[in-house]
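Residue numbers (our numbering): 981 to 2163.
Remarks on the structure that follows.
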Amino acid sequence: MGPDVPLLNDYKQEFFLKRFPQTVLGGPRFKLGYCAPPYIYVNQIILFLTPWVLGGVGTLLYQLGVLKDYYTAALSGGLMFVTALILQMTNLYAKQKTVTVERMQIQNTLTDEDEFEFSSCVGSETVKFIIPGKKYIINTVFHSLLAGVLCGLGTWYLLPNRITSLYSNIGGTVMIFVFGWVTICIGAYSLIINTATETATFQALDTYEITALMRPFYIFVFIAVDLAHRFAVNTPILEQTNQILHIIFLFLPFLWAMGILPPLDALFLWGMEQLLEFGLGGSPMSSNTKLLVMFLISAGTAIASYFIPSTLGVILFMTGFGFILSLNLSEIGFAFKHTMISHLVSSKSKNMHRGLRIQFGWRELIFYLTVLTFALIEASLLHQFAGFSLFSKASPQAIASYVLIVLLIIMWILREIQRVYLFGVFRNPFYPKDVRTVTVFMEKQRRLMKVGVVRRILLTLVSPFAMIAFLSLDRSLQNLHSVSVCIGFTRIFRMVWQNTENALLDIVVVSVAQMLVFNPDLWWNRSLDTGIRLLLVGILRDRLLQFVSKLQFAIAILLTSWTEKKQRRKSTPTLITLNVVFFPILLTFIAISALLSSPLLPLFTLPVFLIGFPRPIRSWPGPVGAAACVCSDTVYYQQMVPSLAVALQSALAAGSLGLSLPGSHYLCRFQDRLMWILVLEKGFTYCGVNIKGLELQETSCHAAEAHRVDEIFEMAFEQQEHTKILSLNHHFGHILTPCTVLPVRLYSDARNVLSGIIDSHENLKHLKDDFIKVLVWMLVQYCYKKSKTWQSLGSADKSKKGSFPENQYSGAVERSRPVKEEDSFSVDTVEDWSDDSEIFDAEPSGRMKDRKEPGQLGTTPKVHLSIPGSVETQSQGVPQEMSPEDKLYRTVVLGLPAVDKGKQQEVLPRVEFSCSYSELLRIPEEWRTAPLPTSKVSEMRQRFPEDWYYFILSQLDFFHLKEKPSNLLEDLMKDKALKDLYIDGVLSCCFGLFGLDNSVPVPSHVFRAYTGGIPWSVGLDWLTGKPELFQLALKAFRYTFKLMVDKASLGPVENFKELVNYLEEYENDWYIGLVSDLEWQQAVLQEKPFLFSLGHDPNMGIYTGRVLTLQELLVQVGKLNEEAVRGQWANLSWELLYATNDDEERYSIQAHPVLLRNLTVQAADPPLGYPVYSSELLHLPLF
981 MGPDVPLLND YKQEFFLKRF PQTVLGGPRF KLGYCAPPYI YVNQIILFLT PWVLGGVGTL
1041 LYQLGVLKDY YTAALSGGLM FVTALILQMT NLYAKQKTVT VERMQIQNTL TDEDEFEFSS
1101 CVGSETVKFI IPGKKYIINT VFHSLLAGVL CGLGTWYLLP NRITSLYSNI GGTVMIFVFG
1161 WVTICIGAYS LIINTATETA TFQALDTYEI TALMRPFYIF VFIAVDLAHR FAVNTPILEQ
1221 TNQILHIIFL FLPFLWAMGI LPPLDALFLW GMEQLLEFGL GGSPMSSNTK LLVMFLISAG
1281 TAIASYFIPS TLGVILFMTG FGFILSLNLS EIGFAFKHTM ISHLVSSKSK NMHRGLRIQF
1341 GWRELIFYLT VLTFALIEAS LLHQFAGFSL FSKASPQAIA SYVLIVLLII MWILREIQRV
1401 YLFGVFRNPF YPKDVRTVTV FMEKQRRLMK VGVVRRILLT LVSPFAMIAF LSLDRSLQNL
1461 HSVSVCIGFT RIFRMVWQNT ENALLDIVVV SVAQMLVFNP DLWWNRSLDT GIRLLLVGIL
1521 RDRLLQFVSK LQFAIAILLT SWTEKKQRRK STPTLITLNV VFFPILLTFI AISALLSSPL
1581 LPLFTLPVFL IGFPRPIRSW PGPVGAAACV CSDTVYYQQM VPSLAVALQS ALAAGSLGLS
1641 LPGSHYLCRF QDRLMWILVL EKGFTYCGVN IKGLELQETS CHAAEAHRVD EIFEMAFEQQ
1701 EHTKILSLNH HFGHILTPCT VLPVRLYSDA RNVLSGIIDS HENLKHLKDD FIKVLVWMLV
1761 QYCYKKSKTW QSLGSADKSK KGSFPENQYS GAVERSRPVK EEDSFSVDTV EDWSDDSEIF
1821 DAEPSGRMKD RKEPGQLGTT PKVHLSIPGS VETQSQGVPQ EMSPEDKLYR TVVLGLPAVD
1881 KGKQQEVLPR VEFSCSYSEL LRIPEEWRTA PLPTSKVSEM RQRFPEDWYY FILSQLDFFH
1941 LKEKPSNLLE DLMKDKALKD LYIDGVLSCC FGLFGLDNSV PVPSHVFRAY TGGIPWSVGL
2001 DWLTGKPELF QLALKAFRYT FKLMVDKASL GPVENFKELV NYLEEYENDW YIGLVSDLEW
2061 QQAVLQEKPF LFSLGHDPNM GIYTGRVLTL QELLVQVGKL NEEAVRGQWA NLSWELLYAT
2121 NDDEERYSIQ AHPVLLRNLT VQAADPPLGY PVYSSELLHL PLF
């Protein structure tokens, strides 16, 4: 796709041009896309202006002195309430009156899907079109009441005398009155007539009709300030605020249309998150419920501290609750719950409790109690004996400040030297060079690991106690019952534990400012206590960092829109010029966006920047990890996430991932796997993260961006020429900055072309003989393992000639008649053709595996050959008269020579073993009843490897037998009946898979046999009738193929012992099958050490082998610019939820090597994104 691909296709452009005017006006539909009667537009205009008319009546009566202002508001509100109810009742009447009629002959659903047939000015179709109505009856009443209140208070808000008293300007009064009523009409129309689709959309579905309340809510906020100004006399700040808000009130329609003001759900979640983090010292939460509960508890703590009567009590209360609320309370509560259950239910929950001790147990409990005790003791002693002195360069608080400054510098240095780049720009000289293997990396990183341990101790224990010392010595705590002290110090006493690094920076900044400014008359020292200073510094620090990140993101979009040729559109020079000319406005947008902590939204990811609406830091409304586009690749992420979480735990604790805060994004890369990590919450010694896995089937866009990621990581970690001391980061300005590598236990994926192996005549020549050997071993192992499950062996001791219960192996089994006497043509070469079959296709059709259901597979051997669709008669040991169909079938078996009718059916007697213990290794007799021709039996029996058979028997130990003769193995090897049983079983399987042809198999047949898609034959039909035997034969063939590959790669097998070692290794450490098998996914989750699969590329005509190897390997980790991610996600939300631009080839999803646009879209939560894996919230302990 070129850079000038349309931003919106033609249909979406038309759709957008219809929707956007509706959004601006609050719901009226004046652009329909088809011809409508004029009264449709007239009716909408009348309804739009109705609030103004009703409010105008009250305003006129007030201006004439007939009514007072509050009576005027009540009159206008009452009229609007009655009008709204009438309109809603009209809609309900129209719905009941209308009979649904199916419209026929719709030519184009895209243009006719919202077309109405209007009959009259007040017809039911007209009413339903203009007033869609509410889904719930309660909303019908509530929204009507709210519309009345809105109109009444709006009338009061926009009384001309009131506006004139604020501005003393007739022209300004007229402007505010006119455009103010336009704003109210827009809000009322959206509330009661037809709710417009908002550009600021947070939830994909508006289940409870909350969107209709959005615009009235913001109008009420402005009116509330005016009411406060009316009743609060002589408050200059309120008067100034009211004057400003009256002007901003006129621009509300613009703010709504641009999507700057958030919807109510996002507003309240964002507000609670901001208050919790910056007002109460907490952390953003991973779910709405946790956020609400933590906000209420934290607010209650701050309020309670106001009523404590003593300063010492305040100190102890704030210190104790600050520490407790910074812990991972949800996990502690979860562990406590299961601990109680384990005590109540004695045995069932013991194992569960033992597993939970890894997350929270007695060790953690003792650690937390010890830290809390020492913190309380320190705070109380310092405050009691040294907390009354003024701040000076030699005061105890100043000494604590010096200690904190030193700690900040040391911790900053220890954090930076663990990353591959200093400041993201210069190569770290202390970081290991050319790290490619785990052993080399771990050996070189020992010094950095020691640094990480030192930093962890300083961060977890030393810094919090030093900050508590500084705070306990502050004189501001002497002011009891002060709101500012309660808010400021409750926040910082909690932040000391919740966000230690930022708290340390804030305290150092405040203490340095205090050292430099000793003037007591300065506003900083006179009006603000230390707690409020720290609060302001914390907000300023956060907004400044956001501003820098957003500015970096904006500059990256501007520069790459020209430097990246594939991003260069025809409009690019114009857009760049406009951004340069209006750069101050762009900086203003970035500053406002940072001030609101809202994403900077690049429209269609072009250098056209808007202010996105504020939303929670996690960006999405749904629960974490609730949805993912699960596919066959998901299992690889499921396997590696536990190990990756352990590695992340160590890296986060040591600081090698930089400053990780809620909202930080990381990208991990290993081979074709991409893991997206989002930090959701953080507290004292814990961090909550969500890990997503991106698709492995790379598209062209995905591959282009993944290639750039590989290039960045290789330059940072592997290429020697770029590992010089203080060498520059050549990808500085990219949204991805490499951090470190993590040792993770996962599967490496190796794919090899098998040309020269699978098509080698020498290799294929030994395939059948090796298959027989492997099958013999497989059958013996199968029977041997089965014998271990038998509980009693008494039946074997009763009689040397006896056998096991007759219902298990009962009756004589009839041997099938010979198929033919000549080798000129064989039924086993005839494929089961169908209309969609491809004769020369090497890929298996898969029909044979699904030919019969398991319940339909017969176990009694047929007297004659079975062909699909034939009517079969079964013999029970007594000769029966043959039907005419059977006689005809006997005569012409698909064109084969006629069979001699004089030959009678052979009845096999029960097998008599010479050794009673042979019953333990007995295979079911129906497994040896394949319809083999007599002339081929003796020839095929000669291929049975007797030496190998005897060697396998000699390896059996029978340890599970309590009493066994010393010569047991010798007796088993001498038992000819047992050997004949195995010979017949093995030859039957060979006949099923290879037929009677003794030629060397071709690669296509080998591939079909490996995948279980062999063309239909008589032998295969018999074999698939024995599902258990068929699976053993298929497994044996796959082992044989793997053995052929290993022999070609590693050399021939020297002796039987080595061959047994190969097979035992395959059985214990390998899964050999197909990637599409369910067992393959189970093997990955069970962490089988090795997996092997055979594949075929029909386009290139090559066969490939895929080997997965489980081992500890290095995963590369980089930190992403979180504002770049939030900005692209904000555009994605706007583009899909509002503009409905779901085109798979749209511009905003095309590859962008610098912004990683395609990967960022993938990592969004479904339904907007499509990660193949998304974990639940992972709690990582950091101590």
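For glycine and all other residues, C-beta sits at the position ideal for the given N, C-alpha and C.
Just so it is clear, the structure is predicted and the values come from calculations on it, not from any experiment.
Exercise. Excluding five sequence neighbours on each side, which residues of the same chain lie with their C-beta closer than 6 Å to the C-beta of V1489?
Worked result: As a position in the sequence shown, residue 1489 is number 509, starting the count at 1. Within the same chain, Cβ atoms closer than 6 Å to the Cβ of V1489 are found at V1517, the five residues on either side in sequence being excluded.
Exercise. Between the C-alpha atoms of P1911 and L2009, what's the straight-line distance to the nearest angstrom?
Worked result: Reading the sequence shown from its first residue, position 931 is the one you call residue 1911. Reading the sequence shown from its first residue, position 1029 is the one you call residue 2009. Distance between the alpha carbons of P1911 and L2009 is about 16 Å.
Problem set entry | Three-state secondary structure assigned by DSSP to E1661 | Position 681 of the sequence shown, counting from 1, holds the residue named residue 1661. Three-state DSSP puts E1661 in a strand.
Exercise. Does DSSP classify T2120 as helix, strand or coil?
Worked result: Within the sequence shown, the letter at position 1140 stands for residue 2120. Coil.
For this session: Compare the C-alpha of E1899 against each of V1980, D1951, W1392 and name the closest.
Result: Position 919 of the sequence shown, counted from the first residue, corresponds to residue 1899. The candidate whose alpha carbon is nearest that of E1899 is D1951.
Exercise. Between the region 1378-1394 and the region 1438-1457, do three or more beta carbon pairs fall short of 8 Å?
Worked result: They touch, by the three-pair rule.
Exercise. Counting Cβ pairs, one atom from each stretch, are 3 or more of them under 8 Å apart for the region 1672-1691 and the region 1396-1412?
Worked result: Verdict: no, contact absent.
Problem set entry | Other residues of its chain near L1961: CB distance less than 8 Å, five sequence neighbours each side excluded | Walking along the sequence shown from the start, residue 1961 turns up at place 981. Result list for L1961: V1891, R1902, I1903, E1905, R1908, in chain order.
Exercise. Which first and last residues belong to the beta strand (DSSP E) in which F1589 is found?
Worked result: Here residue 1589 corresponds to residue number 609 of the sequence shown, with the count starting at 1. Unbroken beta strand (DSSP E) run through F1589: 1589-1591.
For this session: Give a yes or no on contact between the region 1245-1252 and the region 1266-1276, applying the rule of three or more CB pairs nearer than 8 Å.
Result: Yes, the region 1245-1252 touches the region 1266-1276.
Problem set entry | Whether T1063 touches T1030 by CB criterion (9 Å) | One-based indexing of the sequence shown puts residue 1063 at position 83. One-based indexing of the sequence shown puts residue 1030 at position 50. Yes, Cβ-Cβ distance for T1063 and T1030 is below 9 Å.
Problem set entry | Exposed unless 16 or more other CB atoms sit within 10 angstroms - verdict on I1338 | Position 358 of the sequence shown, counting from 1, holds the residue named residue 1338. For I1338, the predicted model reports a pLDDT of 43, less than 50, meaning its position is unreliable; a value from the coordinates is still stated below. Looking at its Cβ environment, which holds fewer than 16 other Cβ atoms inside 10 Å, I1338 is exposed.
Exercise. Under a three-way DSSP split, which group does T1769 fall into?
Worked result: On the sequence shown, residue 1769 is found 789 positions in, with the first residue counted as 1. T1769 sits in coil when the DSSP states are folded into three classes, being neither helix nor strand.
Exercise. Where does F2168 fall in DSSP's three states?
Worked result: Within the shown structure, residues of the chain are numbered from 981 to 2163, placing residue 2168 beyond reach of any answer.
Exercise. If you run the structure through DSSP and keep just helix, strand and coil, what is R1731?
Worked result: Within the sequence shown, numbered from 1, the residue matching residue 1731 stands at position 751. The three-state reading of DSSP puts R1731 in strand, counting E and B together.
Problem set entry | Entirely enclosed alpha helix (DSSP H) segments - the region 1177-1242, minimum 4 residues | Those alpha helix (DSSP H) runs which fall completely within the region 1177-1242 and span 4+ residues are 1194-1211, 1216-1229, 1232-1238.
For this session: Would you mind giving the Cβ-Cβ distance between L2094 and V1689, rounded to the nearest angstrom? I have them listed as a contact below 8 Å.
Result: Here residue 2094 is taken as the residue at index 1114 of the sequence shown, counted from 1. Here residue 1689 is taken as the residue at index 709 of the sequence shown, counted from 1. Contact flag wrong, Cβ pair sits at about 15 Å.
For this session: Could you check if C1667 is buried or exposed, using at least 16 other CB atoms within 10 Å of its CB as the buried criterion?
Result: Looking up residue 1667 in the sequence shown gives position 687. With 16 or more Cβ atoms within 10 Å of its Cβ, C1667 is classed as buried.
Problem set entry | Nearest candidate by alpha-carbon position, reference R1474, set L1065, L1260, Y1169 | Start at 1 with the first residue of the sequence shown, and residue 1474 comes out as number 494. Checked all of L1065, L1260, Y1169; the closest Cα to R1474 is L1260.
For this session: Let me know the secondary structure DSSP gives H2076 once reduced to three states.
Result: Here residue 2076 refers to the residue found at position 1096 of the sequence shown. Assigned with DSSP and collapsed to three states, H2076 falls in strand.
Problem set entry | Opening and closing residue of the beta strand (DSSP E) in which G965 lies | Residue 965 cannot be examined here, being either before or after the span of the chain that is shown, 981 to 2163.
Exercise. Grouping DSSP H, G and I as helix and E and B as strand, with all else coil, what is T1417?
Worked result: As a working mapping, residue 1417 is identified with position 437 in the sequence shown. T1417 falls in the coil class under three-state DSSP.
Problem set entry | is_contact[Y1727, chain D] using C-beta, thresh 9 Å | The structure shown has no chain D; it contains just one protein chain.
Exercise. Of the residues W1477, V1615, E1481, V1420, which one's Cα is nearest the Cα of R1435?
Worked result: By one-based count along the sequence shown, residue 1435 stands at place 455. The residue with the shortest Cα to Cα distance from R1435 is E1481.
For this session: Return the residue from the list T1179, V2087, Y2150 that minimises the CA-CA distance to L1241.
Result: For the purposes of this step, residue 1241 is identified with residue 261 of the sequence shown, where counting begins at 1. Each of T1179, V2087, Y2150 was checked against the Cα of L1241, and the nearest Cα belongs to T1179.
Exercise. Where does H1323 sit, in a helix, a strand or coil, going by DSSP?
Worked result: Numbered from 1 along the sequence shown, position 343 holds the residue referred to as residue 1323. Three-state result, H1323: helix.
For this session: Note the first and the last residue of the continuous beta strand (DSSP E) segment covering E1678.
Result: Within the sequence shown, residue 1678 is the residue found at index 698, counting from 1. Careful: E1678 lies outside any beta strand (DSSP E) and carries neither H nor E.
For this session: Grab me the residues of F2070's own chain with a C-beta within less than 8 Å of its C-beta, minus the 5 sequence neighbours each way, in chain order.
Result: Residue 2070 sits at position 1090 when you count from the first residue of the sequence shown. Taken in chain order, the residues that qualify are D2049, W2050, Y2051, V2087, L2088, T2089, L2090.
For this session: List the residues that DSSP assigns as beta-bridge partners of K2099.
Result: Position 1119 of the sequence shown, counted from the first residue, corresponds to residue 2099. Paired residues: Y1646, T1717.
For this session: Closer than 7 Å by C-beta to F1159: which residues in its own chain qualify, once you throw out the five before and the five after it? Chain order, please.
Result: Translated into the one-based positions of the sequence shown, residue 1159 becomes position 179. L1230.
Exercise. If you draw a straight line from the C-alpha of E2102 to the C-alpha of V2064, how long is it?
Worked result: One-based indexing of the sequence shown puts residue 2102 at position 1122. One-based indexing of the sequence shown puts residue 2064 at position 1084. For the pair E2102 and V2064, the Cα-to-Cα distance works out to about 33 Å.
Exercise. Counting along the chain, where does the beta strand (DSSP E) carrying P2161 start and finish?
Worked result: Translated into the one-based positions of the sequence shown, residue 2161 becomes position 1181. Element bounds for P2161: 2158-2161.
Exercise. Skipping 5 residues on each side, what residues in its chain have a beta carbon closer than 8 Å to that of F930?
Worked result: Summary: the structure shown does not reach residue 930, with the chain confined to residues 981 through 2163, and so no result is reported for it.
For this session: Kindly list the residues whose CB is nearer than 8 Å to the CB of A1957, restricted to its own chain and excluding five residues on each side of it in sequence; keep chain order.
Result: Counting from 1 along the sequence shown, the entry for residue 1957 is found at position 977. Correct list, in chain order: V1891, E1892, F1893, S1894, S1898.
Problem set entry | Between the CA atoms of D2001 and G1838 - distance to the nearest angstrom | The sequence position of residue 1838 within the sequence shown is 858, counting from 1. The sequence position of residue 2001 within the sequence shown is 1021, counting from 1. With a pLDDT of only 37 at G1838, under the threshold of 50, the placement of this residue in the model should not be trusted; the figure read from the coordinates follows. Rounded to the nearest angstrom, the gap between the Cα atoms of G1838 and D2001 is 11 Å.
Problem set entry | Spatial neighbours of A1686 in its chain, beta-carbon cut-off 7 Å, leaving aside the 5 residues before and after | Locating residue 1686 in the sequence shown gives position 706, counting from the first residue. If we look at A1686 and ignore the five residues flanking it on each side, its Cβ neighbours are L1654, E1678.
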